[in-house]
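Below is one structure, written out as structure tokens; the observations come after it.
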Amino acid sequence: MKLLEYQGKEIFKDYGIKVPNSYLAKNIEEAKKGAEIIGFPFVLKSQLTVGGRGKAGAILKCKNEKELEEKFEELINKEVKGEKPKTILLEEMADIKREFYLSFFLNRTKRCYSIIASSQGGIEIESVDNKIIIDLPDVDMISSELAAEVADKMNLTTTEKTTFIDFIQKLSKLIYEKEAELAEINPLALLDGGKFVALDAKVIIDDNALFRHDDIKKYEELSELESQANNNGFSFVELDGNMAIIGNGAGLVMSTLDMVSDAGGKAGAFLDFGGRATTESIYQALKVISKVNKIRAILVNLFGGIVRTDLVAQAILNAYNDGTIKVPVFARITGAESEKARELLNNSKAKLFNTVEEAISAAVQYQ
Amino acid sequence: MSFKFDLFNILIGNENDKDYKNKPVIIQGITGSFGSTHTKLMKGYGTNIVAGVTPGKGGHTFEDIPVFNTVAEAVKDNPVEISGIFVPAPFFLNAAKEAIDNGIKLLVAIPEHVPIIDSIKVLEYAKKRGAKMIGPNTPGIIVPEIMKVGIMPAKPFTKGSTVVFSRSGTLMYEVSYTLSNAGYGQRFCLGIGGDPINGTNLIEAFELIKERNDVESIVVVGEIGGDAEEKLAEYIISTNFSKPVVAYVAGRAAPKEKKMGHAGAIVYGDYGSADSKVSNYSKANVPVAKSPSEVPELLKSKLKK
Chain A
0 MKLLEYQGKE IFKDYGIKVP NSYLAKNIEE AKKGAEIIGF PFVLKSQLTV
50 GGRGKAGAIL KCKNEKELEE KFEELINKEV KGEKPKTILL EEMADIKREF
100 YLSFFLNRTK RCYSIIASSQ GGIEIESVDN KIIIDLPDVD MISSELAAEV
150 ADKMNLTTTE KTTFIDFIQK LSKLIYEKEA ELAEINPLAL LDGGKFVALD
200 AKVIIDDNAL FRHDDIKKYE ELSELESQAN NNGFSFVELD GNMAIIGNGA
250 GLVMSTLDMV SDAGGKAGAF LDFGGRATTE SIYQALKVIS KVNKIRAILV
300 NLFGGIVRTD LVAQAILNAY NDGTIKVPVF ARITGAESEK ARELLNNSKA
350 KLFNTVEEAI SAAVQYQ
Chain B
372 MSFKFDLFNI LIGNENDKDY KNKPVIIQGI TGSFGSTHTK LMKGYGTNIV
422 AGVTPGKGGH TFEDIPVFNT VAEAVKDNPV EISGIFVPAP FFLNAAKEAI
472 DNGIKLLVAI PEHVPIIDSI KVLEYAKKRG AKMIGPNTPG IIVPEIMKVG
522 IMPAKPFTKG STVVFSRSGT LMYEVSYTLS NAGYGQRFCL GIGGDPINGT
572 NLIEAFELIK ERNDVESIVV VGEIGGDAEE KLAEYIISTN FSKPVVAYVA
622 GRAAPKEKKM GHAGAIVYGD YGSADSKVSN YSKANVPVAK SPSEVPELLK
672 SKLKK
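If you're matching them up, the sequences are chains A and B in order.
Take the first sequence: its position 46, counted from the start at 1, is 45 in this note's numbering, and no numbers get skipped.
Take the second sequence: its position 270, counted from the start at 1, is 641 in this note's numbering, and no numbers get skipped.
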């Protein structure tokens, strides 16, 4: 789960990681109130999970009330990479002496956590040559020795170094305790007074660990469809096209998506109902899909064996009978009880196929 | 790896062993709905399940299999090296540690949604004690027509000399099924798992079979996310890997920055993209099928060379 900047910063504060004074505003009235508290000039930052906000013009300086009205209006309505903000963060400007980059991330390749630090902050880390990467030996707060090894490369005075080491340790504590896949501060600013302040916060929390972090789960904002899918244990992703693709297993549904695209079709929804599906949960899957208005056809790709295919067929039939779905279903069903499944669907709008290629070709032609 | 791990010896044993092809297995979480369903199926397939573990259910039996409260009790009379772990994700960390503490050498970690930190902890714990984890979020491992520890259906798999390594469950069945239909049976099939952290990654899986004469070819079923395929391609090149390898990569048409069902199936920028995987495979001379049904043809032409 990707946190918004202000959410990440709230957690930072809990760990004693310094962040600039700020105020979160949903509308211009709130923003004006915030302006009184923070005082001009300040920065307006659109709260989006997508990266590259600066480049996209979603972070603007604000000098007076007139500018606030114009720029707040601009930002709250501005879509960046398909995402529209719900809130804008007003943040005091800092007297920056130097900027750094600091992050902890889950290193999938090495199967451990790694730290990246650079004395060049404020730009994309991919384009920085001068950076240090250290793999951490265990799932625990980074030792002061290892943190010192990082701080040594940052070209700091002795006092600054001590503060920096403390900063690194606090961030490492956060990442393990909050089970983050990523905690990135870019830029990390050294202020004139010698303080280090996190000017940005990019935090991704492990979705699988959310069950033990109610303080973070409260930030979760799911669309009605997503929460309905979640409650049923489905994985659901909305896409651009108008064909829904349903199957048992993430890999199988992805593979079907590829083949649909190769055949000239466009998928509008990805739904994996997992290996433990029952008549009821498959019916629920169709119900979720029925709420995606643009869907004109449903492609079902099932590899039987774990899910009984006749249960799937019964679910499709039920969904037709009570009017949940009206669009045609093109289904490839193999495995346990597939003969029975065929019989059940004989007189419905669902067509059964032996191979996924046949089902796709029929579905794409229908579209 | 600091120790030599002989997967086959653990799963099957040697011809001289009195339990050759009949190695004892325990199931942790045997009385749960998932655990019990698949215990029955595994037993029916020929897996020698000697005990089950469910805290609080000790003293019961399931399908004539004794159930114990702890792993220690389950292995007290007869040492067991394999455990199929079917407990819910929040209990996985403790179940896995308990297994390792009691001599389990091979953990087949079925649960989906295990927190990443727990997986890393188990991995560290296992490494220090000479144990190996497959998964989590894996369908398990099957040696066709001999035994299986996992949740895969039996039908797609036939015995032979190809090995299938897969990051996806259903695609492992799908690809094995097309291979079986085309006459390419499998020596064994192993699910790497759909999570970002895998107890046994693709390179380690290759290490397990590189010296085996009974393995003729390898099929790798991958998907978007991470760089396991890229690293495997580097490994194939740098070790001059001699057995024929054919690959499939799911997720070419998936959008970026969206988790496609599996926790590990997510593309950031170019990192984890299908393009990156396919182009690295091509450097390693590994043909990549466009669909599961294309795998047998590619394997056929690769074997001819």
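Virtual Cβ for every residue (Gly too), placed ideally from N, Cα, C.
Remember, it's a predicted structure, so these values are computed and weren't measured experimentally.
| Check | Outcome |
| --- | --- |
| Quick check on DSSP: helix, strand or coil for T333 (chain A)? | strand |
| Take G632 (chain B) as the anchor and find which of A:I167, A:E237, A:T354 has the nearest alpha-carbon. | A:E237 |
| With 16 as the cutoff for other CB atoms within 10 Å, does Q364 (chain A) come out buried or exposed? | exposed |
| Whose Cβ in chain B lies nearer than 7 Å to the Cβ of V236 (chain A)? | K629, M631 |
| Using the Cα positions of V149 (chain A) and F272 (chain A), report the straight-line distance between them to the nearest angstrom. | 45 Å |
| Confirm, please, whether the CB-CB distance from L285 (chain A) to I315 (chain A) is below 8 Å. | yes |
| CB-CB under 6 Å to R623 (chain B), same chain, minus the five flanking residues each way: which ones, in chain order? | A645 |
| By Cβ distance, which residues of its chain are closer than 6 Å to V616 (chain B), with the 5 residues on each side in sequence left out? | I589, V657 |
| According to DSSP, R97 (chain A) sits in a beta bridge with which residue or residues? | A:L189 |
| So, S532 (chain B) versus V546 (chain B), is the Cβ gap smaller than 8 Å? | no |
| Under the assumption that N419 (chain B) contacts K394 (chain B) (Cβ atoms under 8 Å), give the Cβ distance between them as a whole number of angstroms. | 6 Å |
| Compare the C-beta of M140 (chain A) with all C-beta atoms of chain B and state if any pair is closer than 8 Å. | no |
| Let me know the secondary structure DSSP gives I522 (chain B) once reduced to three states. | coil |
| Roughly how many angstroms lie between the CA atoms of S373 (chain B) and G570 (chain B), to the nearest whole one? | The predicted position of S373 (chain B) is uncertain, since its pLDDT is 40 and thus under 50; no value can be drawn from it. |
| According to DSSP, simplified to helix, strand and coil, what is A660 (chain B)? | strand |
| Going by DSSP in three states, L89 (chain A) sits in which element: helix, strand or coil? | strand |
| Measure from the alpha carbon of I16 (chain A) to the alpha carbon of each residue in A:E123, A:K54, A:A30, A:T162, then state which is nearest. | A:T162 |
| Given a threshold of 16 other Cβ atoms within 10 Å of its Cβ, counted over all protein chains shown, does R110 (chain A) qualify as buried or as exposed? | buried |
| Give the C-beta separation of E183 (chain A) and K201 (chain A) to the nearest angstrom, bearing in mind that I take them to be a contact with Cβ-Cβ under 8 Å. | 4 Å |
| Identify whether R558 (chain B) lies in helix, strand or coil by the three-state DSSP scheme. | strand |
| Could you tell me whether the segment 338-356 of chain A touches the segment 228-235 of chain A, where touching means 3 or more Cβ pairs closer than 8 Å? | no |
| So what's G632 (chain B) in DSSP terms, helix, strand or just coil? | coil |
| Could you name the residues of the segment 467-493 of chain B whose beta carbon sits closer than 7 Å to any beta carbon of chain A, in the order they occur along the chain? | H484, V485, P486, I487, I488, I491, K492 |
| Counting only beta-carbon separations shorter than 8 Å, does S373 (chain B) have a partner in chain A? | Residue confidence for S373 (chain B) is low, a pLDDT of 40 falling below 50, so the modelled location carries little weight and cannot support an answer. |
| Under 7 Å between beta-carbons, which chain A residues line up against E545 (chain B)? List them in chain order, please. | L251, F302 |
| Could you say which of A:D261, A:F39, A:A312 lies nearest to E342 (chain A) if we only look at CA atoms? | A:A312 |
| Return the residue from the list A:M258, A:A361, A:I95 that minimises the CA-CA distance to A621 (chain B). | A:M258 |
| Contact between the segment 86-93 of chain A and the segment 15-30 of chain A is defined here as three or more beta-carbon pairs at a separation below 8 Å; is this criterion met? | yes |
| Within the same chain, show all residues whose beta-carbon is closer than 7 Å to that of A249 (chain A), passing over the 5 residues directly before and after it, in chain order. | S234, D271 |
| Which two residues bound the contiguous alpha helix (DSSP H) that contains S539 (chain B)? | Unbroken run through S539 (chain B): none, as it is neither H nor E. |
| What are the uninterrupted segments assigned as alpha helix (DSSP H) that are 4 or more residues long and contained completely in the segment 127-212 of chain A, given in chain order? | 143-151, 157-176 |
| For the segment 599-608 of chain B against the segment 559-574 of chain B, are there 3 or more C-beta pairs whose distance is under 8 Å? | yes |
| Where does S609 (chain B) land, buried or exposed, given buried means 16+ other C-beta within 10 angstroms? | exposed |
| Quick one: Cα of I517 (chain B) to Cα of K629 (chain B), how far? | 39 Å |
| Would you list, in sequence order, the uninterrupted beta strand (DSSP E) runs of no fewer than 3 residues that lie entirely inside the segment 469-494 of chain B? | 477-480 |
| Smallest Cα separation from K293 (chain A): which of A:E159, A:E98, A:M242, A:A362? | A:M242 |
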